[in-house]
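Accompanying notes for the structure given below.
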Amino acid sequence: MAENRFIPFSRPWIDDTEIEAVSQVLASKWISTGNRTREFERAFAEYLGAKHAIAVSSCTAALHLSLVVAEIGSGDEVITTPYTFTATAEAIRYVGAKPVFVDIHPDTLNIDTRKIEQAITPRTKAILPVHIAGFPCDMDALLDISQNHNLRLIDDAAHAIPAEYKEQYIGTLGDLSAFSFYANKNLTTGEGGMITTNNDAFAKLLRTMRLHGIDKDAWARQSQRNIWRYDIATEGYKYNMTDIQAAMGLCQLMKLNKQHERRRNFAQIYQTELAKFPQISTPVSPDNPREHAWHLYIIQLQNGNRDAFVESLSEANIECSVHYIPLHLFDFYQDQYGYQVGDFPCAESAFERVVSLPLHPGLTEEDIHIVIDAIGKVLES
Ligand SMILES: Cc1ncc(COP(=O)(O)O)c(C=O)c1O
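Counting from 436, one number per residue, gives the positions in the sequence shown under our numbering.
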């Protein structure tokens, strides 16, 4: 196969704007949580139309704190998907609760809402869905089930900015939503996360808990006379965001629509061109009322060897990935909860066949066509 230029799977979309904004924070000498973090929170909440946004150090921290304020604890059960990154279930473990997996819908790769009610027990306290790749879950069904069974709805929106459901952004519909700003995400601050909620009491508690349970952070205290005095109002964690991250986040938020347009355009080209290959199924196209965030572009091979397919693309200088190895296939989740191979057949079958193709705003249409041509050659051979 002729050699192509290297096409990376993912790259952050950073330019001089972020470099300048971060330099200004460094020069200001106020580098931890301060004014920039507050600005970022306000701008993020305003963008989504959420009442509150609370900036934290990661999405994992956002999930953990959300579970804490929702009063999920030891012996409780939280329904989630096995088809996700380990952070989703790991956060449930942090509060001493059990992640109860429910299989996915084979088309969307999101939790199959038709199977949730069978998994509800008297110990169930919350549902924690994940909008895989940025495709919004069936929020109407999730809201109905959570309301009917008096459960909290906490969504893992790590992939889902900006995703919409019935013209409302993901991050405004459940009790609490957790976003990731990790290096490969649609909006990145290197590491970082955000919790959105419309619940005033949750927001107040989250602001205190993310910084050791201290009633006023350093920025709030520096304008006071007794700068050193503070109270510990509640249990706390070291989960605050720095102004260095927030300055970067503000720049990324300004570019969010533009990067989404680029992702959507590339995804559309993949959708049209890959539909010509019967050996591949492309992601379900979001029709009204859902808008895909296009964080990942996941195809499924109808047959053949997925690992060999990924290897052949790698030989053609095209970097791909696989999302996800279902959690119940890992030793840890099997040892802890007795999950076994065969428990979630849709997740397992998807895992055997999925490939995530390069998708990020730094690519060009030409790059996308190089990937498509390479896929054609691999399928021919
Ligand atoms: C679905 C999902 N949830 C949670 C996380 C954790 O995010 P973070 O690295 O910001 O803690 C990730 C990270 O990739 C993820 O993909």
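Virtual Cβ for every residue (Gly too), placed ideally from N, Cα, C.
Sixteen is the threshold: since fewer than 16 other Cβ atoms of the shown chains lie within 10 Å of the Cβ of isoleucine 667, the residue is exposed. In the three-state scheme derived from DSSP, where H, G and I count as helix and E and B as strand, glutamine 714 is classed as coil. Assigned with DSSP and collapsed to three states, alanine 782 falls in helix. Taking a contact as a CB-CB distance under 8 Å, the pair alanine 478 and lysine 486 does not count as one, their CB atoms being some 14 Å apart.
Proximity of the stretch 497-510 to the stretch 518-530 meets the contact definition, three or more beta-carbon pairs being nearer than 8 Å. With respect to the 8 Å criterion, isoleucine 562 and isoleucine 580 are classified as neighbours on the basis of their beta carbons.
The beta-carbon distance between tyrosine 759 and phenylalanine 614, rounded to whole angstroms, is 18 Å. This is too long to meet the 8 Å contact definition. Segment contact: the stretch 450-467 against the stretch 635-649, fewer than three CB-CB distances shorter than 8 Å; contact not assigned. Using a Cβ distance threshold of 8 Å, proline 447 and alanine 618 count as a contacting pair. When the Cα atoms are used, valine 813 and phenylalanine 744 turn out to be separated by approximately 7 Å. Rounded to the nearest angstrom, the gap between the Cα atoms of asparagine 545 and isoleucine 466 is 38 Å. Rounded to the nearest whole angstrom, the CA to CA distance from glycine 469 to glutamine 659 is 15 Å.
Among the bridge pairs identified by DSSP, histidine 487 is matched with Thr632. Burial is judged here by how many other beta carbons sit within 10 angstroms of a residue's own beta carbon; arginine 788 has at least 16 and is buried. Aspartate 802 and isoleucine 442 have their C-alpha atoms roughly 7 Å apart. For glutamate 455, the uninterrupted alpha helix (DSSP H) segment begins and ends at 451-463. Put simply, the backbone Cα of arginine 698 is about 13 Å away from that of histidine 594.
Judged by DSSP secondary structure, glutamine 694 falls within the alpha helix (DSSP H) whose first and last residues are 691-709.
In this structure, glycine 606 has its beta carbon at no less than 7 Å from each heavy atom of ligand 1.
Of the candidates Ala576, Gly777, Met683, Pro713, the residue whose Cα lies closest to the Cα of phenylalanine 616 is Met683.
If you draw a straight line from the Cα of glutamine 603 to the Cα of isoleucine 555, it is about 28 Å long. With fewer than 16 other CB atoms across the displayed protein chains lying within 10 angstroms of its CB, phenylalanine 767 is exposed. The DSSP-derived three-state label of threonine 559 is strand.
Buried is the label assigned to tryptophan 729, since at least 16 other Cβ atoms lie within 10 Å of its Cβ. If you compare the alpha carbons of Phe786, Gly569, Gly484, His695 with that of asparagine 738, the shortest gap goes to Phe786.
With a beta-carbon spacing of about 21 Å, valine 491 and methionine 689 fall beyond the 8 Å limit used to define contacts. For threonine 559, the Cβ stays outside the 7 Å cut-off from all heavy atoms of ligand 1.
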